[in-house]
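For reference, the structure discussed in these notes is given below.
Protein chains: 2
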Amino acid sequence: MSVHVTDEFINSDFLIASDTVSPVATPTRTSRRREATRARLVAAARELFAEQGFEPTRINEITERADVGFGSFYNHFASKDAIVAAVIATAVEEHGSAVDALTADLEDPAEVVAVAHRYFVRLAGDDPIWAWLLVRLDLSHNVLSSALGERAFRDLQAGLDAGRFTVASVPVALVGSGGALVGVMRGVLDGAIPADRAGTDHAAGVLRLFGVPAADAAEVAERPLPPATRP
Amino acid sequence: MSVHVTDEFINSDFLIASDTVSPVATPTRTSRRREATRARLVAAARELFAEQGFEPTRINEITERADVGFGSFYNHFASKDAIVAAVIATAVEEHGSAVDALTADLEDPAEVVAVAHRYFVRLAGDDPIWAWLLVRLDLSHNVLSSALGERAFRDLQAGLDAGRFTVASVPVALVGSGGALVGVMRGVLDGAIPADRAGTDHAAGVLRLFGVPAADAAEVAERPLPPATRP
């Protein structure tokens, strides 16, 4: 399975959340209705992309599914790429929030990192459309500079502050672990790596990369994963 | 700096060396001349790509530099993409051989891995055109399934055989370390990571990922790097 996204699109800055969420300073009845229509369009596009992929989905299918007039699409989005960007920004934020929820009650920063990495490797097995998209987007580094990158930095820093992790360079550890995750997700998507233990084995590797001794890293990575509540 | 390569090209299987080297069962005078002309075209293309990039280089510039008639280009390559593929396959093989030469006298399998990773991180600082290309090619997994991937597997296996490395899964460790390398190279190319210590810090991380204890990994990664003889 493959998701085609143009280079121009991949290289745009769409993953910065503030670029894709319309600012509404003082909500009025009109602005609330406008936001509701936009949200319906995004939800409809998301369903269609998941059902049939990005490429074949046409704008009139999106407006039909959302029960919105074709012309009003352009009151919200300049192009199909623009709504793809909004759908992805929403999904990235939701996956990030889902991992936050999964890890909220964990006290060990190493387990937080392990669960986050296992979540995304599992995503490659469970939801290849979104996983491929994240992998392809990584090409431009935007995933790491996005809401996911901020979370990865936060989690690494928490482990360093707690004395659980030791790395020579935070940015090198951050892009290295992110790159490793993308490599493993891609391996699962390609079928080059069996999905069953990939997340656990990868998470143990990332913990070792972050300076956790091997036996300790393996134990943390093997802990039961909380049941995922995926968006 | 950025190198534009079409998705179709990236997704092709050109990095398999056997696809790009013309088989010559019984060398004859004609076939030797044919190979020599092809090699001149590849060398000329390589110079031009390095000087001015892939995109702006035109086929007639390549034939002129190679002192070959324009029409005979098509006796050897179906398109510009085909000669780009040949140039890259040559460069990948040369970088792989250069690392082999650098590491030939090393007895510690951990040092072999560290030197190889430091070589490619250094490449991102020294030769951004080729480094960008390797990073972009990784998108399709072809780098790992190429001559470089075979070497990475060989080096990981040597460390496992020697009891120097311990990993739960060889393929996960392989794609994880490869992904980490690509992430770090990209970080250097983007300017997100200072180049000076990136290779050393990344190499230490890969060794930890491969199960080498942290203090040991740091010591190996800091060993003086043999002077690079780059192609």
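Residue numbers (my numbering), protein chains in the order written: chain A, 635 to 865; chain B, 635 to 865. We put the beta carbon where it would ideally sit given N, CA and C, even for glycine. Just so we're clear, the structure is a prediction, and the values are computed from it rather than from any experiment.
1. Enumerate in chain order the residues of its own chain whose CB-to-CB distance from S656/B is below 6 Å, with the five nearest sequence positions on each side excluded.
2. Contact criterion: CB-CB distance below 7 Å. Does D835/B meet it with respect to chain A?
3. Mapping the DSSP letters down to three states, classify G793/B as helix, strand or coil.
4. Hey, is L757/A's beta-carbon within less than 7 Å of any beta-carbon in chain B?
5. Which residues in the same chain as V769/B place their Cβ atom closer than 6 Å to its Cβ, once the five residues preceding and following it in sequence are excluded?
6. Within 10 angstroms of its Cβ, does Y753/A collect 16 or more other Cβ (buried), or is it exposed?
7. Quick one: what's got a C-beta closer than 8 Å to F787/A's C-beta in the same chain, skipping five residues either side?
8. Take the Cβ of D789/A as the centre, count every other Cβ of all protein chains shown within 10 Å, and call the residue buried at 16 or more, exposed below.
9. Would you call the stretch 825-838 of chain B in contact with the stretch 830-839 of chain A, where contact means no fewer than 3 C-beta pairs closer than 8 Å?
10. Is any beta-carbon of chain A found at less than 7 Å from that of A832/B?
11. Flag this pair as yes or no: are the beta carbons of P743/B and A796/B separated by less than 7 Å?
12. Taking Cβ positions, are R842/A and A855/A nearer each other than 7 Å?
13. Given a limit of 8 Å on CB to CB distance, which residues of the stretch 791-811 of chain A reach chain B?
14. Would you say I763/B lies against chain A (beta-carbon separation less than 7 Å)?
15. Please classify A837/B: is it buried, with 16 or more other beta-carbons within 10 angstroms of its beta-carbon, or exposed?
16. Residue range of the alpha helix (DSSP H) that P743/B falls in?
17. When we look at the beta-carbon of S774/A and count the other beta-carbons within 10 Å, is it buried (16 or more) or exposed?
18. On the CB-based measure, 16 or more other CB atoms within 10 Å of its CB, does T737/B come out buried or exposed?
19. Going by DSSP in three states, T640/A sits in which element: helix, strand or coil?
20. Assuming the contact rule is C-beta atoms closer than 8 Å, R798/A and V846/A should be a hit. Round their C-beta distance to whole Å, please.
21. On the CB-based measure, 16 or more other CB atoms within 10 Å of its CB, does D835/B come out buried or exposed?
22. Residue ranges of each alpha helix (DSSP H) run of no fewer than 4 residues wholly in the stretch 675-712 of chain B, ordered along the chain?
23. Starting from V818/A, find everything on chain B with Cβ-Cβ shorter than 7 Å and list it in chain order.
24. Please say whether F683/A and T691/A have beta carbons closer to each other than 7 Å?
25. Grab me the residues of V746/B's own chain with a C-beta within less than 6 Å of its C-beta, minus the 5 sequence neighbours each way, in chain order.
26. Run through DSSP, which three-state label would G825/B get?
27. Between which two residues does the alpha helix (DSSP H) holding S780/A run?
28. Can you say whether A748/A is buried or exposed, counting buried as having 16 or more other CB atoms within 10 angstroms of its CB?
29. Out of G703/B, R680/B, G839/B, A700/B, point me to the one whose CA is closest to T800/A's CA.
30. Closest Cβ-Cβ distance between L859/A and chain B: below 7 Å?
31. Can you look up S803/B in the DSSP assignment and give me helix, strand or coil?
32. Can you name, in chain order, every residue of its own chain whose Cβ lies under 7 Å from the Cβ of E853/A, other than the five neighbours on each side?
The answer reads as follows:
1. At S656/B the pLDDT is 45, less than 50, meaning the model places this residue with poor confidence; the figure from the coordinates comes in the next sentence. For S656/B, where only same-chain residues beyond five positions count, there are no Cβ hits under 6 Å.
2. yes
3. helix
4. no
5. V816, M819, R820
6. buried
7. V804, L808
8. buried
9. no
10. yes
11. yes
12. no
13. T800, V801, A802, S803, P805, V806, A807, V809, G810, S811
14. no
15. buried
16. 743-760
17. Caution applies to S774/A, whose pLDDT of 48 falls short of 50 and renders its modelled position unreliable; the value that the coordinates give is listed next. Label assigned to S774/A: buried.
18. buried
19. Legend: pLDDT at T640/A = 41, less than 50; position of this residue unreliable, value from coordinates given subsequently. Coil.
20. 7 Å
21. buried
22. 693-700
23. V806, V809, G810, G813
24. yes
25. T737, L740, D789
26. coil
27. First-last for S780/A: undefined, no H or E at that position.
28. buried
29. G839/B
30. no
31. coil
32. none
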